[in-house]
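Undergrad: Chains as they are written, first to last, in my numbering: chain D, 314 to 429; chain R, 8 to 118.
Dropping the structure here:
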């Protein structure tokens with residue numbers, strides 16, 4: 314079974330440009346999460362989808378970030394316009410709905426974003 | 008606000024040594040605690056997950072313990088190998104689903 318996949322693996326853009334990151338969760342996982350790790354800091358939660366609905370977006374840093382999950386399958390995270398401080402690694406995770414052990418989060422390989 | 012701290016930040020040991028990585032958290036109202044491994048340029052690999060009702064989990068040479076009341080977890084690695092070299096992350100999950108991560112311990116096992 315395929316794990317969580319993310320695209321692209323690495324993106325280099327200039328300040329002010331727009332970038333869209335994509336995450337494909339494990340098939341059948343209704344929960345989808347975005348996290349990011351900026352240089353020198355710990356991984357931080359951004360937001361959580363249950364199917365197509367945003368359950369918790371308390372970690373989104375500002376309105377330059379827009380996450381969508383149309384149809385409740387894959388998700389996109391758009392940064393517009395990108396700033397230097399947005400550089401880092403963006404991780405996606407997914408899990409089933411329900412109690413343990415079904416709700417373990419499985420992580421993708423991450424997208425490394427570099428804003429010049 | 009939940010804060011997760013990992014000590015030490017970096018550790019270098021000779022091959023074959025047993026070692027302990029530490030994780031502490033400030034809010035004991037957690038759902039579970041998970042240890043991950045991250046290799047350079049790679050994603051997160053889950054090592055062990057301990058539910059809040061459990062005290063430890065074991066997988067091969069790894070053993071993780073959880074003491075919720077004191078806000079501590081340890082990851083014990085027996086007979087370390089060069090292939091164990093990586094960054095080890097501790098993460099606690101709250102009941103509203105998001106996970107809070109520590110900054111990690113960078114482990115180097117020298118042949």
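Even for Gly, the Cβ is constructed at its ideal location relative to N, Cα and C. Computed from a prediction, not measured in an experiment: that's the story for all the values here.
1) Could you have a look at residue 385 of chain D and say whether DSSP puts it in helix, strand or coil?
2) Is it buried or exposed for residue 106 of chain R, if we count other Cβ within 10 angstroms and need 16 for buried?
3) Touching or not, the segment 394-414 of chain D and the segment 325-340 of chain D, by the rule of three or more beta carbon pairs under 8 angstroms?
4) Can the beta-carbon of residue 31 of chain R be found less than 9 angstroms from the beta-carbon of residue 76 of chain R?
5) For residue 357 of chain D, would you say it is in contact with chain R, using Cβ-to-Cβ distances shorter than 9 angstroms as the test?
6) Locate the beta strand (DSSP E) running through residue 366 of chain D, then write down its first and last residues.
7) Please name the residue in R:10, R:47 and R:63 whose C-alpha comes closest to that of residue 423 of chain D.
8) Does the CB of residue 28 of chain R have a neighbour CB from chain D at under 9 angstroms?
9) Counting C-beta neighbours from all protein chains within 10 Å, is the total for residue 112 of chain R 16 or more, i.e. buried, or is it exposed?
10) Taking contact to mean at least 3 C-beta pairs separated by less than 8 angstroms, is the segment 50-65 of chain R in contact with the segment 12-30 of chain R?
11) Can you tell me whether DSSP reads residue 401 of chain D as helix, strand or coil?
12) My understanding is that residue 388 of chain D touches residue 345 of chain D, with C-beta atoms under 8 angstroms, so please give their C-beta distance in whole angstroms.
13) Counting C-beta neighbours from all protein chains within 10 Å, is the total for residue 74 of chain R 16 or more, i.e. buried, or is it exposed?
14) Nearest chain D C-beta to residue 32 of chain R closer than 9 angstroms, yes or no?
15) Along chain R, in chain order, which residues have C-beta atoms closer than 8 angstroms to that of residue 404 of chain D?
16) To the nearest angstrom, report how far apart residue 58 of chain R and residue 40 of chain R are at their CA atoms.
17) Flag this pair as yes or no: are the beta carbons of residue 297 of chain D and residue 359 of chain D separated by less than 9 angstroms?
18) Tell me where the beta strand (DSSP E) around residue 57 of chain R begins and ends.
19) Restricting to Cα atoms, I'd like to know which of D:376, D:411 and D:428 is closest to residue 341 of chain D.
20) Exposed or buried, what is residue 325 of chain D when buried is set at 16 or more other beta-carbons lying within 10 Å of its beta-carbon?
TA: The short version:
1) helix
2) buried
3) Enough Cβ pairs lie closer than 8 angstroms, so yes.
4) no
5) yes
6) 366-369
7) R:47
8) Judged by the 9 angstroms Cβ criterion, residue 28 of chain R is not in contact with chain D.
9) buried
10) Short answer: they don't touch.
11) Here residue 401 of chain D sits in strand by DSSP.
12) 5 angstroms
13) Label assigned to residue 74 of chain R: exposed.
14) no
15) 50 and 51
16) 7 angstroms
17) Not covered by the structure: residue 297 of chain D. The range shown for chain D is 314 to 429.
18) 51-58
19) D:411
20) Its Cβ having fewer than 16 others within 10 Å, residue 325 of chain D is exposed.
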